[in-house]
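Working notes, structure below.
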Amino acid sequence: CSALVGLAEGLVLIETHDELLSVLDEADKIASAHNLLRELAVINQLRGGVYFFRCMYEACLETSTASLNAARAANSPELEARALSGLGDAEYSRGRYISSRGYFDQCIELARQHGYGRVLAANLTMRGYLYWHHNDFESAVADIQEAIELAVKTRHARAEMVVTSIYGGILLELGNSADSKHYVLRAMTISQQLGSKIFEGECYCRLSHIELNRGDRLAAYQQAQQAIEILRASESGMAFWGPCALADLANATQDADERRAVLDEAEALLKKERLIHNQVGF
């Protein structure tokens, strides 16, 4: 069971979600048969992560709750913190940002209490992102900068990838396009090293924003095209970021027919279950 869980944790990084769910099902049979509470907590937390990227927020909420219950039964503060993070993601995915931040607050408090630096790095990032959505830029930047330091210190590459991408977006909104590009390119480098197509596509979207902000519409168009090509090649990429990327392409193109076509495609995607950030971004 431990070997299967370890395999699943590796599959998380390269985002092969179908295989990941299959491995988790196999691990779950063993864990359930032998009442392996710690393993059940991790299995459900990893499942919730897949459901998050696939925008299945009810399933994400259900599995994250199961993870929390198993973690508490196993008396594992670290797994409890990870489960609370999953609940934060579940609430974020359905647009309940205040509730989401509440779960991230609990996660961060528990992680600080026990010194879980890698958990802190990942979840300060998300809380900072939520502060950004509430226009509390001072709190957002404080959390994000601490998350970057912790991600580097604990060698948590995935956390560094996510936080530097988000920080690039915040800096652009604050008018600092030069530093914004620096952090987005750092995130892109890590995404390519890890094989994360979803976040590589997201980074190309952020580069499109930067180029459009500079007034280079052609470069913005090319970056948006690249983003969509990469997201289409990922199992969950268009579900997670597709409408945002299509909107970026519509924003950059000077062809009215193409603009209408990509907006229509994005609207069709939004009629399905999709992350609320796609509604906002679109």
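Numbered by the working numbering, the letters in the sequence shown go through residues 958 to 1239 in order. Every residue gets a Cβ at the ideal spot worked out from N, C-alpha and C, and that includes glycine.
{"Asked": "Residues of its chain near residue 1170, where Cβ-Cβ distance is below 7 angstroms and the 5 sequence neighbours each way are ignored", "Found": "1129, 1134"}
{"Asked": "Through-space distance from residue 998 to residue 1024, alpha-carbon basis", "Found": "4 angstroms"}
{"Asked": "Distance between beta carbons of residue 1184 and residue 1162, contact taken as under 8 angstroms", "Found": "5 angstroms"}
{"Asked": "Residue 1071 versus residue 1033 - alpha carbon distance", "Found": "11 angstroms"}
{"Asked": "Runs of alpha helix (DSSP H) wholly within the stretch 1020-1089 (minimum 4 residues, chain order)", "Found": "1034-1050, 1054-1071"}
{"Asked": "Buried versus exposed, by CB contacts within 10 Å (16 or more), residue 1091", "Found": "exposed"}
{"Asked": "For residue 1119, the nearest candidate out of 1138, 1088, 1083, 1203 (CA to CA)", "Found": "1083"}
{"Asked": "CB of residue 1107 within 8 angstroms of CB of residue 1078, strictly", "Found": "yes"}
{"Asked": "Beta-carbon spacing of residue 970, residue 1152 below 8 angstroms", "Found": "yes"}
{"Asked": "Beta-carbon contacts of residue 1009 that lie in its chain and below 6 angstroms, excluding the five residues immediately before and after", "Found": "1017, 1046, 1050"}
{"Asked": "Exposed unless 16 or more other CB atoms sit within 10 angstroms - verdict on residue 1211", "Found": "exposed"}
{"Asked": "Alpha-carbon to alpha-carbon, residue 993 and residue 1137", "Found": "45 angstroms"}
{"Asked": "Proximity of residue 1022 and residue 1044 at Cβ, strictly below 8 angstroms", "Found": "yes"}
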